[in-house]
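Asks:
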Amino acid sequence: MLNRELIGPSLFLVLFTLYALVAWKIPLMPFEEYESVTSATLPKVYAVFGIVVCVLSIGANLLKQAPAEKAELLSKGNLLRTFALLVLMVAYSAMLEPFGFLIATSAFLITGFFIMGERRKAVLLFASVPVAVVFWFLMTQVLGIYLVPGNLWS
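Counting in my numbering, the sequence shown runs from 285 upward without gaps.
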């Protein structure tokens, strides 16, 4: 029986399998031939790890005997919530350039938490803004990766 506990791991299993096929075709540079860690090592590890976790998750769900009442299919509310999150992701990608990483990411997280059912304002703010700021700090100040500052400020 395919219920919602099996749909997610099954989709991720397909995704990680396709990712593994691509990861094993990554060409090596000439200087990487005799190295133990190459540019293809981490993608291969991610693919194998993802496949193992998905198989374990599917196995655990198959072994678990859930009552028929709990094995509900995707409801209309869950489908609407999923569609709203997909639209939010597209809006986030459009907001990055004009508003910058910090504002766009904070707004994305606040709206995403709201869509998922969180209504307390303090939780919405303190679960999203600090995450965006810490992530921005780690990426820009620690790792030196450029994140878009936004066109509004220039």
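Here a beta-carbon is modelled for each residue, glycine too, at the ideal position from N, C-alpha and C.
Since the structure is predicted, the reported quantities are computational estimates derived from the model, not experimental observations.
Is the beta carbon of L372 closer than 8 Å to that of F397?
Replies: Not closer than 8 Å, so no.
Asks: What does the alpha-carbon distance come out to for the pair M423 and L326?
Replies: 19 Å
Asks: When you compare each of L431, L370, L312, V298 to L380 by their alpha carbons, which one comes out closest?
Replies: L431
Asks: What is the DSSP secondary structure of P311, reduced to helix, strand or coil?
Replies: coil
Asks: In or out: A416 buried (at least 16 other Cβ within 10 Å) or exposed?
Replies: buried
Asks: Keeping to the same chain, check which residues put their C-beta closer than 6 Å to that of A331; ignore five residues upstream and five downstream.
Replies: The beta carbon of A331 sits closer than 6 Å to the beta carbons of F300, Y303, A304, A307 from its chain, once the five residues preceding and following it are set aside; these are given in chain order.
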